[in-house]
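**Q** So for the sequence shown, our numbering puts the first residue at 6; every next one is plus one. Before I ask anything, here is the structure I am working with.
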Amino acid sequence: MLLKLTILPGDGIGPEVTEGATRVLETVAESFGHQLHLTRKDIGGAALLSSKDPLPPDTLQTCLSAQAVLLGAVGGPAFDDFPSHLRPESGLLKLRRKLGAFANLRPAVCYSAIAHRSPLRADLIRGTDILIVRELLGGLYFGEPRLIQGASGDRAATNTMRYREPEVDRIARVAFELARSRRRKLTSVDKANVLECSRLWREVVTEVAQDFPDIALSHMYVDSAAMALVMRPADFDVLLTENMFGDILSDEVGGVVGSLGLLASASIGGPIGLYEPVHGSAPDIAGRGIANPLGAILSCALLLRYSFRLEREAACIEWAVGRVLESGNRTADLARTGEMPIGTTEMSQKVCDAVTELARAGSVQRAAQEQSV
C-alpha cells in the first residue's frame, strides 16, 4: 500500500520527535511491504519565521492532498507577545478546522515497566487504559466573539463558549462507537450545574445513548472527574468531553500514567487525519537530543490504525514500544535517579529494532497484548 503523508515538524522538540517517528514508519513500511511518500512542510513558529504565516497556503494545500498528517509540536515563548491570529497555535487550530478534524482521541495506558513514574500507588493505576474523546472544533477555543477591549487599567476580555446540537451529536456518536470496541463504558464530562453549553451537551449525549443500549453511560462534572482520575483511574474506559475540558484532563492523565511524553493523539472526523504527540514544544530541551519520541511514535500507530486501517502494523508499533520499555530503556523524563537515560535518536532506533524483530517473528497480535499492566 502507498502511504502518502505530510510531515509537519513544527517548533521546539517537534523536528526531533518527528524524525524519530518517521524512522519507525519507514521500518514498518519496509517490514510489511508498504511504500511511504513523505512531504515535509513548516507550521507554527517555524512557518512564521519563514513566511510570517503560521499556516502558509502551501503547507495547507500539501496537507489537504495527503492521506494523513503527522505533526511534531507548535509554539514557544518567543511568540508569546504575538497577536492571537499570528501565534503558532493559530496555525494548528486553522489546520484542524480545514481538515474537519472534530474528534480528538487520546489513549492513555499504564505500562508496567514505568509504573514507578506515576505519582499514584501501583495498586491505583494497575489496569489503567483510558481513551479520552475530546470535541475539537467548538467551545471556547473557536467561539466568537473573542477580544480584549478598553483602555489600560480598565480592559475587559471576552471569550465565547458555544456548541450546536449537531456538533455534540457527532462527537458523542464517535465516542459510543469506540466504546463498543473496548469495555463498553462511557463517561461524559461536563459542567451542567453551571454552564448552559454543558446542559445542552448532557441532554444530547443522553439522547444519543438511546441508540447504543449496549453501552453503560454515566455523567460527571468536570471537577469530580478530575478528582476521580487520580483516585481511581482504572475505573474509566472512554471519557467524552468538550474542547477545553478535554485539553486539561488529557494532561492530567499524562501525569497519572507517568509522562506526557508517552501520550499520542489522533484528530479525525474528516477525510484526512491529523496525528501528534500530546506534549508541547518543550523549547527548554530543544536541540539537545534528549526529548522522548514515544508520543510521536505511538501517534504513528494511531495514524496507521485510523487513516489506513492497518491494525497489524499499528499493533506492531505499540508492542515495540512496550518491549523497549520492558527492556529498561528510558529517556530522561522516564529515568529513575541513578539510571542512565538514552537520547531521542537511540530510543527511536530501539523501537525500529523491535518492530523489525516482531515483523520477522510474525506474532503481532499475541505480542501486542503484552504491553500494559
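Built from N, CA and C at the ideal position, the CB exists for glycine as well.
Following the continuous beta strand (DSSP E) through ILE273, name the residue where it begins and the one where it ends.
**A** Its beta strand (DSSP E) spans residues 269 to 273.
**Q** Answer yes or no: do LEU234 and VAL199 have a C-beta to C-beta separation smaller than 8 Å?
**A** no
**Q** Below 6 Å CB to CB, which residues in the same chain sit around VAL173 once its five sequence neighbours on both sides are set aside?
**A** For VAL173, where only same-chain residues beyond five positions count, the Cβ hits under 6 Å are TRP206 and VAL209.
**Q** Quick check on HIS224: does DSSP put it in helix, strand or coil?
**A** strand
**Q** Count the other CB atoms within 10 Å of the CB of SER304; is the residue buried (16 or more) or exposed (fewer)?
**A** buried
**Q** Can you give me the C-alpha to C-alpha distance between GLN376 and ARG328, rounded to a whole angstrom?
**A** Caution applies to GLN376, whose pLDDT of 42 falls short of 50 and renders its modelled position unreliable; the value that the coordinates give is listed next. Cα-Cα distance, rounded: 7 Å.
**Q** Quick one, are the C-beta atoms of GLY17 and SER286 less than 8 Å apart?
**A** yes
**Q** Which residue wins for smallest C-alpha separation from LEU265, given the options ALA83, ARG314 and ASP252?
**A** ASP252
**Q** Measure from the alpha carbon of LEU183 to the alpha carbon of each residue in ALA197, ALA83 and LEU244, then state which is nearest.
**A** LEU244
**Q** Within the continuous beta strand (DSSP E) that includes GLU149, where are the two ends?
**A** From DSSP, GLU149 is part of no beta strand (DSSP E); its letter is neither H nor E.
**Q** Can you name, in chain order, every residue of its own chain whose Cβ lies under 7 Å from the Cβ of THR27, other than the five neighbours on each side?
**A** ILE12 and LEU43
**Q** Leaving out five residues before and five after LEU125 in sequence, what residues of the same chain have Cβ atoms less than 8 Å from its Cβ?
**A** VAL235, PRO238 and VAL261.
**Q** With a cut-off of 8 Å on the beta carbons, I'd call GLY144 and ASN248 a contact; round off their distance for me.
**A** 4 Å
**Q** Start and end of the alpha helix (DSSP H) containing ASP252?
**A** 248 to 262
**Q** Report all residues from its chain with a CB closer than 8 Å to the CB of LEU98; omit the five preceding and five following residues, and keep chain order.
**A** TYR146 and PHE147
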